[in-house]
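Counting in our numbering, the final residue of the sequence shown is number 86, and the numbers go up one at a time with none missing.
Okay, structure first, notes after.
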Amino acid sequence: DYLTPNNPLTQLVSYVFGPVIKALVRVGYEDGLNLDAAPYDWRLTPAELERRDGYFTRTMAQVERLYESNGRTPVVLVCHSLGTRVGHYLCDFAG
């Protein structure tokens, strides 16, 4: 049910997507191949996420990897709560 099972902080909150992940796996999605997560430290501003963690740079590389490794199939971001704002910042970051 968790895309981040080895991270105690994100594991506690990643259950929100448990049913979604199960449904996607049932229809053929595979963790790491065409299904992935980009957990972040919600306590930080977007600027600090990038400065401290390189979050948006790493996440864009992750999106590009998914895109290329799946035959240039468009990547869909599924966000929740404050993650919707982080997703918006990611799209702005991508330009």
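Ideal Cβ placement from N, Cα and C applies to all residues, glycine included.
When only Cα atoms are considered, Pro10 and Val16 end up about 10 Å apart. Shortest Cα-Cα distance from Asp32 to any of Tyr46, Tyr20, Asn25 and Asp22 involves Tyr46. Annotation: the continuous alpha helix (DSSP H) that includes Leu40 extends over Pro37 to Asp44.
Of the candidates Gly74, Leu24, His71 and Ala38, Ala38 places its Cα closest to the Cα of Phe84. The beta carbon of Tyr58 sits closer than 8 Å to those of Thr64, Pro65 and Val66, all from its chain and outside the five residues before and after it, given in chain order. Here Leu73 is exposed, its C-beta having fewer than 16 other C-beta atoms within 10 Å.
In this structure, the CA atom of Asn61 is about 8 Å from the CA atom of Leu24. The beta carbon of His71 sits closer than 8 Å to those of Val7 and Phe8, all from its chain and outside the five residues before and after it, given in chain order. Taking Met51 as the centre and dropping the five residues before and after it, the same chain places the C-beta of Leu81, Phe84 and Ala85 closer than 8 Å to its C-beta, in chain order. For Gly74, the uninterrupted alpha helix (DSSP H) segment begins and ends at Gly74 to Ala85.
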